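J.: The structure is given below, and queries will be raised subsequently.
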Amino acid sequence: MLSRTRLTKYSSSQLRQWVSRSVFSVAAILLAAAPVLSAADLPPIDWSGNVGYTYRSLTTGDDKTISNQYLGTLAGNTYIWRPWFAQVGARLTSTLDNTEYGGGGDTESKIATGELNLNLLPQSATPFTMMYLATDSRVDTTAAAPSNSLNSLVKIGQDFKTQRLGLTQAYITQTGHRYRAKLDFSEWDSSISGVVEDQSMGFEADLRRPQQRLIAELTTQSTERVRTGEERDSLIIEADHFYFPRKSLRVDTLTNIVQTDDSFKVASTNGSRETDQIQISSFAFWRPQDRPLTITGGVRLFNLAASGLNVYTGTPKTTETTSLSGTLGGFYQLTKGWRLDARGDVALLDSDGGSSTVTNLRTGALYQSDVHDLSGYTYQWFANAFAATQSSDIENRQTFGGTLSHDLGRFWVPSDFSTIRGSVGQSFSPNIQSGNSATEYRLDHTMTTSWNHLRWGGSSLMQAILQDSRNFGDQDDEQQFLNLQLSRTQPLSRLMSLMGNLTWQTVNQDFGSLGTSETETLVARLTFQHSRVAGIPRLRYLSDLSHSEAANDIGLDRFEWENRLDYNIGLVSTRLSWRMFDQGGEQTDLIYFQVTRSF
């Protein structure tokens, strides 16, 4: 176990002090710069924002919910003295939502969010950033909403307040090295989970050399749930080193250390738990461009240690697991069509339950033929074979397998407007294993054909895919798959278009003694678009109709139809839509209206 280091915790009052001090520090900077500012013109402020209104009506059977939402956002960006000295940005967002339930009752929710950003010396070698974010959400219930309401657009009881302060100081050297220190405070106050406080500190370093790079990060974090008394302290150390002395060689070394302390102060679960996790890995890649051999190898060390107190017996409990693994493999391009490969893995595992060693060795070969022209048809065949062995303290297993496959294809151009593609393929894959493991021989057949037609300003596609797969040996099974697709995209005019798609698919599976299954689906979709309704520019209409039938007896048919109008003029955006869902005979209607004015 690593030595433990408890993190310093700050209360919510201390967090507010941090915020106040940070704001006062900014004010002090402004006061110090007042003589300079008074002698110069005030900098301009770039204002932006939007106001909007949204109406929603959701109906399912006799259950109906209506929501009226008002949204406003105001943002401003400016600089202090000069743009290179300090840049300031602020944003305020307010949302008011009123939801009425058909069965009685309504809720009113208010959400206010404020954000402040300050960048000091943003273009210098020592930029400083401060970010403060606060959110306040309140849900007022004038009458209890129906507990069985399926269409609740606002969930009662989700009151919360959040605030976050983030400080970052960076330093960039003339040689390109980068250093950064971070300080972050967050507080979440919820009516459901109570107060959650989170504080973190971190330091990052990015060192760049001509042939190597080191990225290191140290982070300490403390999280506390005040209501339940749960606390977690974390220490995270990460270091990534990349070494590339030449184009053909690269070595990546990664280190990760995680240390956590958990404590529980609830009466029924008083106790603590400490966890240490260490992971170190290093991998090398040798890939010369002018040689047929490529080699990859690496090692990995992992250790996990945990200790804690049994809350029922009061006795301490400690566990530890360590694993060490290594791998080495390579490829050799013998000729244009022949490639050889070999790989070896060793893993050592040591835990409280004992230790074990697992070794894997594999070698194989792959051949891919050239593409042959046979009277207008294209023909190609593939072959690969491998032999593998696995040895452990429990058993030794050998596996022999491979694949032999070939494909025949053809491309036709029957006219100036259409093309046809077709292909058939067959593959045989044996897999033989020693011992009590299953041995199988797999035979696959595939046929694909498609027809493309370009005429009358649009395009059509017809496609069929048929697959048959059979497995022989210790476990017999088979599967048939058929997919038929028809689609058409047709412009009706310069402003209107119609798109349709129809897909039918069936899958039959036979697993022998485990039974059979048959799944059939049908999906249809039709979409109409008009980019200038009634001759009004920027008034767009969309109608999207889709239908899917049940895949099996326990599935549900689904029908969906959406009609939408969008209108943009200047800085005003408007949307009106009606969307209907019908699933398994139960219909749901959603009426949506939104208007937004940006500035």
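Okay, so the sequence shown: first residue is 1192 according to the numbering used here, each after it adds one.
Note that CB positions come from ideal geometry on N, CA and C, so glycine has one too.
The model shown is predicted, which means the values in this text are computed figures rather than measured ones.
Indicate whether F1319 and L1311 have their beta-carbon atoms separated by less than 8 Å.
T.: Position 128 of the sequence shown, counted from the first residue, corresponds to residue 1319. Position 120 of the sequence shown, counted from the first residue, corresponds to residue 1311. Yes, they are a contact pair.
J.: Taking 8 Å as the cut-off, decide whether the C-beta atoms of T1787 and G1243 are in contact.
T.: Counted from its first residue, the sequence shown places residue 1787 at position 596. Counted from its first residue, the sequence shown places residue 1243 at position 52. Contact: yes.
J.: Straight-line CA distance for W1769 to L1781?
T.: Translated into positions along the sequence shown, residue 1769 becomes position 578. Translated into positions along the sequence shown, residue 1781 becomes position 590. Rounded to whole angstroms, W1769 to L1781 spans 6 Å at the Cα level.
J.: Note down, one range per segment and in chain order, each alpha helix (DSSP H) of at least 4 residues found wholly within the stretch 1694-1777.
T.: If one requires a minimum length of 4 residues, no alpha helix (DSSP H) run lies completely within the stretch 1694-1777.
J.: By how many angstroms is the C-alpha of D1375 removed from the C-alpha of G1393?
T.: For this step, residue 1393 is matched to residue 202 along the sequence shown. For this step, residue 1375 is matched to residue 184 along the sequence shown. Their Cα atoms are separated by approximately 9 Å.
J.: Just how far apart, CA to CA, sit E1751 and F1772?
T.: Here the question's residue 1751 lines up with position 560 in the sequence shown. Here the question's residue 1772 lines up with position 581 in the sequence shown. Taking the straight line from one Cα to the other gives about 5 Å.
J.: Which term fits T1317, buried or exposed, when burial requires 16 or more other beta carbons within 10 angstroms of its beta carbon?
T.: The residue you call residue 1317 lines up with position 126 of the sequence shown. Per the 10 Å Cβ criterion, exposed.
J.: Quick check for students: name the residue ranges of the beta strand (DSSP E) that lie wholly in the stretch 1467-1552, counting only runs of 3 or more.
T.: 1484-1500, 1507-1524, 1529-1542
J.: Would you mind working out which of A1396, D1452, E1388 sits nearest Q1354, comparing C-alpha positions?
T.: Looking up residue 1354 in the sequence shown gives position 163. Its Cα nearest to that of Q1354, the residue E1388 stands out among A1396, D1452, E1388.
J.: With 16 as the cutoff for other CB atoms within 10 Å, does I1271 come out buried or exposed?
T.: Stepping through the sequence shown from its first residue, residue 1271 is reached at position 80. I1271 is buried by the Cβ-count criterion.
J.: On the DSSP letters alone, give me the boundaries of the beta strand (DSSP E) that G1872 sits inside.
T.: Not covered by the structure: residue 1872. The range shown for the chain is 1192 to 1790.
J.: Buried or exposed: which applies to T1364, given that a residue is buried once 16 or more other Cβ atoms fall within 10 Å of its Cβ?
T.: Working through the sequence shown from its first residue, we reach residue 1364 at position 173. Exposed.
J.: Going by the DSSP bridge assignment, what does S1248 pair with across the sheet?
T.: Position 57 of the sequence shown, counted from the first residue, corresponds to residue 1248. DSSP lists I1257, I1782 as partners of S1248.
J.: Near R1749, which residues of its chain fall below 6 Å by C-beta distance, leaving aside the five closest residues on each side in sequence?
T.: Looking up residue 1749 in the sequence shown gives position 558. Cβ within range, chain order: S1739, Q1774.
J.: Mind reading off the beta-carbon distance from G1520 to G1499? Whole number of angstroms is fine, and I expect it under 8 Å.
T.: For the purposes of this step, residue 1520 is taken as residue 329 along the sequence shown, with counting starting at 1. For the purposes of this step, residue 1499 is taken as residue 308 along the sequence shown, with counting starting at 1. Not a contact, Cβ separation roughly 40 Å.
J.: Quick one: residues in its chain with C-beta nearer than 6 Å to the C-beta of T1680, no 5 flanking neighbours on either side, listed in chain order?
T.: Your numbering for residue 1680 matches position 489 in the sequence shown. The answer, listed in chain order, is G1649, S1650, M1690.
J.: In terms of alpha-carbon separation, which member of Y1292, W1477, I1469 lies closest to E1429?
T.: Position 238 of the sequence shown, counting from 1, holds the residue named residue 1429. For the options Y1292, W1477, I1469, the alpha carbon positioned closest to that of E1429 is the one of I1469.
J.: Whole angstroms are fine: how far does the CA of A1266 sit from the CA of R1282?
T.: As a position in the sequence shown, residue 1282 is number 91, starting the count at 1. As a position in the sequence shown, residue 1266 is number 75, starting the count at 1. Rounded to the nearest angstrom, the two C-alpha atoms are 4 Å apart.
J.: One question on the structure: do S1704 and F1719 come within less than 8 Å of each other, judged by their Cβ atoms?
T.: Against the sequence shown, residue 1704 aligns to sequence position 513. Against the sequence shown, residue 1719 aligns to sequence position 528. At least 8 Å separates the beta-carbon of S1704 from that of F1719.
J.: For K1346, which three-state DSSP category applies?
T.: By 1-based counting over the sequence shown, the position of residue 1346 is 155. Its pLDDT being 45, under 50, K1346 is placed unreliably by the model, and the measurement read from it follows with that caveat. Coil.
J.: Could you give the first and the last residue of the continuous beta strand (DSSP E) run that contains L1309?
T.: As a working mapping, residue 1309 is identified with position 118 in the sequence shown. L1309 -> beta strand (DSSP E) spans 1297-1311.
J.: So the candidates are A1277, W1642, R1633; which of them puts its Cα closest to the Cα of R1661?
T.: Here residue 1661 is taken as the residue at index 470 of the sequence shown, counted from 1. Measuring from the Cα of R1661, the nearest candidate turns out to be R1633.
J.: Identify the continuous beta strand (DSSP E) that holds A1281 and give its terminal residues.
T.: Your numbering for residue 1281 matches position 90 in the sequence shown. Element bounds for A1281: 1277-1292.
J.: If we ignore side chains and look at the alpha-carbon of each, how far apart do M1322 and G1357 end up?
T.: By one-based count along the sequence shown, residue 1322 stands at place 131. By one-based count along the sequence shown, residue 1357 stands at place 166. Spanning the two alpha carbons is a distance of roughly 5 Å.
J.: What are the partner residues of T1364, as DSSP defines its beta bridges?
T.: The residue you call residue 1364 lines up with position 173 of the sequence shown. DSSP, once it has assigned bridges, lists no residue as partnering T1364.
J.: Considering only C-alpha positions, which residue in the set T1513, N1494, L1557, T1509 is nearest to L1531?
T.: In the sequence shown, residue 1531 corresponds to position 340, counting from 1. If we check each option's Cα against that of L1531, L1557 comes out closest.
J.: Note the first and the last residue of the continuous beta strand (DSSP E) segment covering R1273.
T.: Here the question's residue 1273 lines up with position 82 in the sequence shown. Looking at the DSSP string, R1273 is not in any beta strand (DSSP E), and its letter there is neither H nor E.
J.: Helix, strand or coil for K1438 per DSSP?
T.: Indexing the sequence shown from 1 puts residue 1438 at position 247. Looking at K1438 - three-state DSSP - the assignment turns out to be coil, as it is neither helix nor strand.
J.: What are the partner residues of R1371, as DSSP defines its beta bridges?
T.: Taking the first residue of the sequence shown as 1, we reach residue 1371 at position 180. Per DSSP, A1361, E1395.
J.: Near T1548, which residues of its chain fall below 6 Å by C-beta distance, leaving aside the five closest residues on each side in sequence?
T.: By one-based count along the sequence shown, residue 1548 stands at place 357. The residues are L1539.
J.: What residues in its chain sit with their C-beta under 7 Å from that of G1385, if we drop five residues either side in the sequence?
T.: Indexing the sequence shown from 1 puts residue 1385 at position 194. Excluding residues within five positions, the ones whose Cβ falls inside 7 Å are R1416, V1417, R1418.
J.: Tell me which residue opens and which closes the beta strand (DSSP E) that D1635 is part of.
T.: Here residue 1635 corresponds to residue number 444 of the sequence shown, with the count starting at 1. Where D1635 is concerned, the enclosing beta strand (DSSP E) stretches over 1631-1646.
J.: How many Å lie between Y1246 and P1682 at the Cα?
T.: As a working mapping, residue 1246 is identified with position 55 in the sequence shown. As a working mapping, residue 1682 is identified with position 491 in the sequence shown. Counting only the Cα atoms, P1682 lies some 33 Å from Y1246.
J.: If you follow the beta strand (DSSP E) that T1419 is in, where does it begin and where does it stop?
T.: The count along the sequence shown starts at 1 and reaches residue 1419 at position 228. Here T1419 belongs to no beta strand (DSSP E), and DSSP marks it neither H nor E.
J.: According to the neighbour-count rule (16 or more other Cβ atoms, all chains shown, within 10 Å of its Cβ), is L1249 buried or exposed?
T.: Taking the first residue of the sequence shown as position 1, residue 1249 is located at position 58. Buried, because 16 or more other Cβ atoms sit within 10 Å of the Cβ of L1249.
J.: What do you get for L1645, buried or exposed, if any count of 16 or more other CB atoms within 10 angstroms of its CB means buried?
T.: Stepping through the sequence shown from its first residue, residue 1645 is reached at position 454. Per the 10 Å Cβ criterion, exposed.
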